[in-house]
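One structure is given below, encoded as structure tokens.
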Amino acid sequence: MTKLQLALDWTPNTNHAGFYVAKAQGLYTKAGLDVSFISPHSDQYKATPASRVESGEAMFAIAPSESVVSYNTWPEADKKRPKLKAVAALLQQDTSAVVTLKSSGIDRPSKLAGKRYASYAARYEGRIVREMIRNDGGSGEYEELVLPMLGLWNTLLQGDADATWVFMGWEGVEAARKGVELNVFKLADYRIPYGYSPVLLAHPDTLSEQTDVVKAFLAATAEGYRFAAAHPGEAADLFVEAASAEAGLGEPLNAAMCRESMQLLSKHLLTEDGQWGVMEVKRWDAFLDWLSDSGLLTTKVQSRDVKEGLSASLDGLRAGDAGERIPREAVSSSSLFTNDLLP
1 MTKLQLALDW TPNTNHAGFY VAKAQGLYTK AGLDVSFISP HSDQYKATPA SRVESGEAMF
61 AIAPSESVVS YNTWPEADKK RPKLKAVAAL LQQDTSAVVT LKSSGIDRPS KLAGKRYASY
121 AARYEGRIVR EMIRNDGGSG EYEELVLPML GLWNTLLQGD ADATWVFMGW EGVEAARKGV
181 ELNVFKLADY RIPYGYSPVL LAHPDTLSEQ TDVVKAFLAA TAEGYRFAAA HPGEAADLFV
241 EAASAEAGLG EPLNAAMCRE SMQLLSKHLL TEDGQWGVME VKRWDAFLDW LSDSGLLTTK
301 VQSRDVKEGL SASLDGLRAG DAGERIPREA VSSSSLFTND LLP
């Protein structure tokens, strides 16, 4: 059996259901794989999923496509970092959105100007939110609250922040079940062609040296997601049982909520012809074009842990400390992702 670890991008949720289904149904074992999951609650998100792949702790990680872009555009001073590559898209459509409480009266992005945004301090996050506000006619200026990541959603619910970025298939479902009304700002509605999110990424050395393992993992995972698309209720139950058995999960999963969430997500898991994981060049190119045209494709990116010459705070980026502009032609979408290892 080949042991491998998958670093999750959040505490276990229905975005991850296909992995848990594949494990629960013995698909990984059948493929000769002993798969375990690393949830960020294990260290309160001190390490990002991508950094766990970089360090070799995990073979795969779940992350937004921005992580792939930044790992492929590090400045010359940091060329030792690997150029991580996306090998599958978990979802075919973007189910994320910036949200506010309906009761706040902030019913469009332009009204976020001067308001409090609870931030993950992800690589392009702050500037994407700024562009959304600008595209709706606002100034783009807002107060960024960089708080413990796993508590950002509750920060909004408690009224300690005015907005945050969530997955509608998870926090959106939770809000509806609690009777909490939200204003929902989807990026595409404000001329932002957001990339695949989340994606599954891996180290380039893994792809070249352990190709058969990668293919076996992706084949079993694809089967798990196809099952989830066809049988969302049963998949949700398998997910809840498997995830709840893990140590230190924290707040128990709500089985009814997971069923509702899985029903919603089941429509976004596969391509029109029933394939899981497949990505399109035109979608990667559209996002890269937008990053470049908006001035976001720079040698410095946002970070909670600012490193001189490599990253900056959002305030620093907004003040012009973004490093050098990266020419669009220097970033090829074909170097960022591959479908070649999918079944």
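The sequence shown lines up with residues 1 to 343 when you count with UniProt numbering. The beta carbon of each residue, even a glycine, is placed where N, CA and C say it ideally should be.
Assigned secondary structure, residue i (DSSP; H/G/I helix, E/B strand, else coil)
{"i": "residue 147", "result": "coil"}
{"i": "residue 117", "result": "strand"}
{"i": "residue 77", "result": "Annotation note: pLDDT 46 at residue 77 (below 50); position unreliable, coordinate value reported separately. Helix, per DSSP."}
{"i": "residue 96", "result": "strand"}
{"i": "residue 282", "result": "helix"}
{"i": "residue 156", "result": "helix"}
{"i": "residue 183", "result": "strand"}
{"i": "residue 87", "result": "strand"}
{"i": "residue 290", "result": "helix"}
{"i": "residue 170", "result": "helix"}
{"i": "residue 265", "result": "helix"}
{"i": "residue 50", "result": "helix"}
{"i": "residue 325", "result": "strand"}
{"i": "residue 277", "result": "strand"}
{"i": "residue 298", "result": "strand"}
{"i": "residue 164", "result": "strand"}
{"i": "residue 342", "result": "coil"}
{"i": "residue 207", "result": "helix"}
{"i": "residue 218", "result": "helix"}
{"i": "residue 336", "result": "coil"}
{"i": "residue 253", "result": "coil"}
8 Å Cβ cutoff, residue i in contact with chain B
{"i": "residue 122", "result": "The structure shown contains no chain B; it is built from a single protein chain."}
Extent of the continuous beta strand (DSSP E) to which residue i belongs
{"i": "residue 5", "result": "2-7"}
{"i": "residue 37", "result": "33-38"}
{"i": "residue 201", "result": "199-202"}
Distance between beta carbons of residue j and residue i, contact taken as under 8 Å
{"i": "residue 333", "j": "residue 288", "result": "6 Å"}
{"i": "residue 277", "j": "residue 88", "result": "3 Å"}
{"i": "residue 86", "j": "residue 65", "result": "7 Å"}
{"i": "residue 163", "j": "residue 155", "result": "About 10 Å separates the two Cβ atoms, so there is no contact after all."}
C-beta contact flag for residue i and residue j at 8 Å
{"i": "residue 219", "j": "residue 58", "result": "no"}
{"i": "residue 222", "j": "residue 49", "result": "no"}
{"i": "residue 117", "j": "residue 145", "result": "yes"}
{"i": "residue 341", "j": "residue 201", "result": "no"}
{"i": "residue 24", "j": "residue 241", "result": "yes"}
{"i": "residue 262", "j": "residue 245", "result": "no"}
{"i": "residue 259", "j": "residue 224", "result": "no"}
{"i": "residue 11", "j": "residue 238", "result": "no"}
{"i": "residue 229", "j": "residue 266", "result": "yes"}
Distance cut-off 7 Å: residue i Cβ against heavy atoms of the ligand MN
{"i": "residue 287", "result": "For the structure depicted, the ligand MN is absent and the ligand set is empty, with no information on it obtainable."}
For residue i, the first and last residue of its enclosing alpha helix (DSSP H)
{"i": "residue 63", "result": "No alpha helix (DSSP H) holds residue 63; the beta strand (DSSP E) holding it covers 60-63."}
Say whether the stretch 162-173 touches the stretch 90-100, bearing in mind that this needs 3 or more beta-carbon pairs closer than 8 Å, one atom from each stretch. yes
Report yes or no: do the stretch 5-25 and the stretch 35-49 share at least 3 C-beta pairs separated by less than 8 Å? Yes, since at least three Cβ pairs between the stretch 5-25 and the stretch 35-49 fall closer than 8 Å, the two stretches touch.
For the pair the stretch 267-277 and the stretch 204-215, tell me if three or more CB-CB distances fall below 8 Å. no
Across the stretch 101-111 and the stretch 133-142, are there enough close Cβ pairs to call them in contact, namely three or more that are closer than 8 Å? yes
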